[in-house]
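For reference, the structure discussed in these notes is given below.
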Amino acid sequence: MKLDGEVVLPQGTDETWKRINDPVVLKACIPGCEELERTGEHSFSAVVKVKIGPVGAKFKGNVELTELEYPVSLKLVGAGEGGVAGFAKGGADVKLTEIPEGCKLSYVAEANVGGKIAQLGARLLDGVAKKLADQFFANLAKYEA
Amino acid sequence: MFPAQFEYHRPGSIDEALALLGEYGDDAKLLAGGHSLIPSMKLRLLEPKHLIDLGNIASLKGVRVEGDTVAVGALTTHYGVESSPEAKGALPLLCEVAGQIADPQVRNRGTMGGSLANADPAADWPATALALDAEFICKSDAGERKVPASEWFQGLFTTALEEGEILCGLRFGKLPERTAATYLKLQHPASRFAVVGVSAAVTTDSAGKCVQARIGITGVGTHAARAAKTERLLEGRVLDPANIAAAAALADEGFDAGSDMHFSESDRRELCRAYVERALLGVLERANAGQFQP
Amino acid sequence: MLGKAVPRKEDERLITGRGLYVEDVQLPGMLYASFVRSPYARAEILRVKKEAALAVPGVVGVYDGSEWPELKARLPELNGSVTLTSPYIDHIKLPDHLLFPKRASYVGEQVAVVIAETPYAAADGAAAVEVEYEPLPAVARWEEAMKPGSPRVHEGFDNVVAHLKHKVGDADAAFAQAEIVLDFRLETQSLKSMAIECRAVAAQFDAATHSLNIWSTGQFPFMMRNTIAGVLGLPNDQVRVIARDVGGGFGLKGVLYAEDVIIPVLAYHLRCPIRWAETRNEHMISANHSGNQAHDVRIAAKRDGTLLGLELKLYKEVGAYDHFDMMLQINTINHLTTHYKVPALRIEGWAVSTNTPPGSPYRGAGRVEAVFTMDRVLDAIARETSLDPLEVRKRNIVTPADMPYRNGQIYRDGVPVEFDGIDFPLLLKKAVERADYDGWRKRQKELRAQGRAIGIGIGSYIEAGGLGPCEGSRVKIDEQGRISVFVGVNSQGQSHETTLAQVAAHTLGAKFEDVSVFGGDTRLMDFGFGTGASRVAVNAGNAVMKAAGEVRNKVVRYAAQVLNCAENEIVINDSVVSVAGATQNFIKLGDLAARSIRDRRMIELGGPGFHATEFFYPRTVVWGSGVNIAVVEVDRRTGAVEILKYVIVHDCGLPLNPLVVDGQISGGFAQGLGIALGEHAVFDEDAQVLSGSLMDYYVPRIGDVPEIDVEHVVFPTKDNPLGIKSVGESAPNAPGAALSAAIEDALERKIRITRLPVTRSTILSALRAA
Amino acid sequence: MKNKVSITVNGVERSAEVEPRMLLVHFLREELHLTGTHVGCDTTQCGACTVRMNEQAVKSCTVFAVQADGANVTTVEGLAGGDGLHPIQEAFREHHGLQCGFCTPGMMMAASQLLDRYPEPTLEQIKHQLDGNICRCTGYHNIIKAVQSAAEKIKARKQAQGAR
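Chains as they are written, first to last, in this note's numbering: chain L, 1 to 145; chain Y, 1001 to 1294; chain C, 2001 to 2770; chain D, 3001 to 3164.
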């Protein structure tokens, strides 16, 4: 499934870039994130609890930032295992543009899920992905250290 | 098919239920009719450690007419509403909606409060709660809180219900005189949820002019919402097929319609407009026949 | 008794809750199984960690195939298929299908099994098993799988596992003469059978006799028995498979699955009864599916609507393991031309593996695809020539004057296809009259003027039934006069206990109430081939007739001695044997049987009692046929299709029981309706299952099924003594074609329907594009 | 961690200690060995597990046995309420309203509620009230005939009783 979006963040591109690369900020902004640790210069391991309507599952996985072009674009790639619920993987091309209000962040993401969540939640996948993305960017916009 | 272990609690009162909810917090799930929760548990998509069954709390059940309002306990089953003489007399739209939910067995167990607290994007009640401007009565240790329908649905499976709160009931105020209403639903062929569900309540004056339009839509976006543009366009105009068509053409605006394996975003938008138009034509027919909600 | 609409014998237990389906088998000390299944469509299974599962209370064991050599067995390559004699196939190469593969090849493939004291504990255990996978790229669609660089479903094997070619007449000449050449692709969807009872198996080792009792939901108990006996190294007779009450089959239970072998093997080793029942979710993901099929057709026709020739490229998705070689493709080819003349035909077909569950026949087995193709071809000619679709059919139909008619195909049993005694134009005429075709054409015009979209569509099918090699029956009269009829086949709801009892009662002159039919138990017969391919009534029915006839002969010969009369004076009626013209001189069948037990005169009649075992070998298949006409109204705004009239005119030879025949037509139609308008097993591009429950997989409900108007026509057949044809797979075949045509017609052919199912979304998006 | 439940099933009070997670359908089938009630799906669609619980038709796969504590449950085994067949059972047999028979107990239990609520049902009511039961074999036509016939039979029985 594909989704894209655009958000305006009050911070500039530099600050936004820093935040996206900061495990503390990421942990605070990823919805349901319980653990997030740096495992490499641009890679992290994470535990995320997803609790939406008919599903409540803990996903353990990795997130990696690649194709970094400071401070205009990067690619986010991640995969997580949710036990009985199944698994999810995906990637997002993120672009940052400096604008008077701060920074315009646009993304084009592709996500795939497998196992039970794909088998049983097909009708909800689009909505869930959107919800999680929206929440993440909303959190990022209002995050205060 | 075989849920994981949990501990079962059957409180006899709301206070007891709140105490249990306070004690177990995130580890607990409230069990109303269970017709969304239990299937999820059987598939092990949800594994709550504690289940707080509200089924024994008599005060949460039943339809009562209190002055100008209809009060429905959160634990009233869909069939309880469908077959309620009180509802039929005071607000027949409720019976009309209840009778279209899922199937008879589900209607015998599933509850209005459970459905509204779960806020499935394709559930039936949310559209009607919006169209009737229902008031949601929530209770917590801090006391009672009332939430208008317009603030209840906040996102996918997300409502204004706060942690530690229980949705205890709904109150439906008296509709203005000369309000005709209907619920029109396109049933999903497999799941029987709403692909599109339109609940429309329209008040007209004696000249046929629309005084107030409330149109709740479920199934199209990530949560039920009102067709605000359609409502605005109708208000102040004569409720006739031409105005209805023009207004319905805007029905899907503002909805975050998604695609799935059955319907594309375009399908959903198109169906939304068509069903809103037909629902409004249905309302017009009832208004012309003098069939108003009492 | 034959041809009478008697109520069914099996109903009494089924309506009172006393049926015995596999999940109803409850034995002391019974254990329960739950399978750990791959969430990936293709993955290396690196490690199965059992510790956490073994710690779960109630869990007895976790098995991943490493425990006993029998668990390393493979499933039989060809599951009861008989198509290897087909002259069409020119290449086939298949990988082994192991009970516990080292590499998962589809979502839901079994990786390990947990055995526990309760089904709940088994599920707990399965959830606790940790499996390390290395996910590998998967291939979900046949188009992708055929590309040179695509991932291989199995290493060392091409994704194209089989190939065939067939031709009739001179296709080049046909295209050279053609005034019209059309080409397009037609697609039919993959389906699940969706029997309401999912699959199940229970097994119990009996130490006293060192034998294994197995309860199965399968359609082929003997194949199951032989395979399991072979795996365990036991004589066939020490393995007993019972499959008596089965909750619907429809083809998907006509396969031996890994669980069917694993559970008995574990019961054998653990010396404990074990039961496994598939959940609906498991059924949706891991049970076989029918497989997507695509046809690239090229049509050569004349301006007057005559079809000159057809070229067909046939692509069939067979899933991760191909257990039916090219049976389904061959079925499609052999049913392709239905009622019409196709003078030249050139066909090439491919069986393509994908990372989806193995492909299986589903009720109709390739015929839906055939009918959809032939009728869409005729409709395309109608569109191109501006002729009425009915007229195009009339111009190409095979007539009685053409009989016996050979269409150039060779059936799976190696015998050339031949129609005789079938009046196709009569079926069409009756359907046209019954549907008021001309009247609807008129109303269609009037209603179109009012903005309403009315359409009419025609679908015609042929159905080969009664496939051999044979079936047998043993008929016996006991001392109480009860007549037992044993057969080597089992029922999944087809009413054998009633129809076969009717045959026996009729042949013997016995009371219907005195007859009991026993099937679905490998202890009852030495041979049995199974229930599938609409073969039971023809094969077992005629075997019962032969065996009962033989028993009757014995009764007559012995009774003549007992009653002191000539054999031709013996009359048997209502289970009483008497002398013609002297009805006071009689003896009851049971008394006669009792008397025969110690009578030395029975030496000449083959020993004590009245019993006989006979087999019926059909010469080849028999051909049923029919025409469907649909009248629909389409709502352009919502894509809704309302069926205003649905006519089915069909021939299945003489009905053994009209009630049962009607039931088969009604039920088959509902399945055809599902195929036409919504049923679809959906996989995403990673071969993940998206239709994992009945929330997403459409099955018609009571309110979805319109009334149908059915006319039975009987074209007798001399192919078997009962004069019957088959009916089981008739009705699902044509609704897809008839409804597609009607919908297209309703929308004034502004859209083209080339793919099943035709959903609201199909209609809405086609209208948007038009 | 077991809870004691006491459920009156087909007129007989049955008590047992069960895990709270045990579904009513499994209680009936595995604890009481009443295997007439079947399981056909896991998402509350098919209706094969339908029983009457305090008169209401429910899908017993979506009710925990603990929730049924104190309730009155009727299964297909108790439909007739004694020897012989219930008119619905008779009608299903006479009209070939079943083939494989797997959905049939649930279908008949749903039909029994339908006929209680709508003693003279219209075709639309039959279709609407049996929407929660999937049959894969019959195509439903004969089920409709059976329900219509059962309605007649029940009416006739009541009249006969009234006349006595």
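Even for Gly, the Cβ is constructed at its ideal location relative to N, Cα and C.
Can you name the start and end residues of the alpha helix (DSSP H) that residue i belongs to?
i                : result
Q2177 of chain C : A2171 to Q2177
M2545 of chain C : V2536 to V2562
Y2405 of chain C : Unbroken run through Y2405 of chain C: none, as it is neither H nor E.
Is it buried or exposed, residue i, if we count other Cβ atoms within 10 angstroms and call 16 or more buried?
i                : result
S2034 of chain C : buried
V2352 of chain C : buried
R1974 of chain C : Any property of residue 1974 of chain C remains undetermined from this structure, which presents chain C solely from 2001 to 2770.
E1253 of chain Y : exposed
G3132 of chain D : buried
Q3129 of chain D : buried
D2011 of chain C : buried
I2333 of chain C : buried
H3033 of chain D : exposed
N2281 of chain C : buried
G2156 of chain C : exposed
G2541 of chain C : buried
D1068 of chain Y : exposed
Whole angstroms are fine: how far does the CA of residue j sit from the CA of residue i?
i                : j                : result
H2091 of chain C : V2631 of chain C : 44 Å
T2279 of chain C : R2383 of chain C : 47 Å
L1280 of chain Y : G2058 of chain C : 59 Å
R2037 of chain C : A2203 of chain C : 21 Å
N1056 of chain Y : S1013 of chain Y : 8 Å
V2727 of chain C : A3110 of chain D : 30 Å
D2388 of chain C : V2649 of chain C : 20 Å
A2267 of chain C : N21 of chain L   : 56 Å
P82 of chain L   : E1047 of chain Y : First, the residue type needs correcting, since residue 82 of chain L is Gly and not Pro in the sequence shown. If you take the alpha carbons of G82 of chain L and E1047 of chain Y, they lie about 13 Å apart.
L2256 of chain C : V2168 of chain C : 35 Å
C3049 of chain D : A2504 of chain C : 36 Å
E2463 of chain C : M2525 of chain C : 29 Å
T2499 of chain C : N2490 of chain C : 13 Å
I2299 of chain C : V2398 of chain C : 18 Å
What are the boundary residues of the beta strand (DSSP E) that residue i is part of?
i                : result
W2276 of chain C : I2274 to A2277
E81 of chain L   : S73 to E81
R2185 of chain C : I2180 to T2188
Could you tell me which residues DSSP puts in a beta bridge with residue i?
i                : result
S2034 of chain C : C:V2114
C33 of chain L   : L:V48
N3072 of chain D : D:T3008
R2074 of chain C : C:L2098
Y2268 of chain C : DSSP lists no partner for Y2268 of chain C.
A2131 of chain C : Here residue 2131 of chain C turns out to be Val, not Ala, going by the sequence shown. Bridge partners of V2131 of chain C: C:V2048.
The segment 1240-1249 of chain Y contacting the segment 1175-1182 of chain Y, beta-carbon criterion three pairs below 8 Å = no
**Prompt:** Do the segment 3005-3024 of chain D and the segment 2193-2210 of chain C touch if we need at least three Cβ pairs shorter than 8 Å?
**Reply:** Taking 8 Å as the limit for Cβ pairs, the verdict is that the segment 2193-2210 of chain C does not touch the segment 3005-3024 of chain D.
* Asked: Are the segment 2682-2697 of chain C and the segment 2415-2427 of chain C in contact at 8 Å, needing three or more beta carbon pairs?
  -> no
- prompt: Can at least three beta-carbon pairs, one atom from the segment 2228-2239 of chain C and one from the segment 2167-2182 of chain C, be found at a separation below 8 Å?
  reply: no
Between the segment 1123-1138 of chain Y and the segment 1096-1112 of chain Y, do three or more beta carbon pairs fall short of 8 Å? yes
Worksheet item: Taking contact to mean at least 3 C-beta pairs separated by less than 8 Å, is the segment 2058-2074 of chain C in contact with the segment 2150-2166 of chain C?
Response: These segments do not touch.
- Query: Are the segment 3024-3034 of chain D and the segment 2176-2189 of chain C in contact at 8 Å, needing three or more beta carbon pairs?
  - Reply: no
Do three or more CB pairs link the segment 3042-3061 of chain D to the segment 2283-2298 of chain C at distances below 8 Å? no
Would you call the segment 1211-1231 of chain Y and the segment 1254-1261 of chain Y touching, i.e. three or more CB-CB distances under 8 Å? yes
Touching by the beta-carbon criterion (3+ pairs, under 8 Å), the segment 2575-2582 of chain C and the segment 2443-2458 of chain C: no
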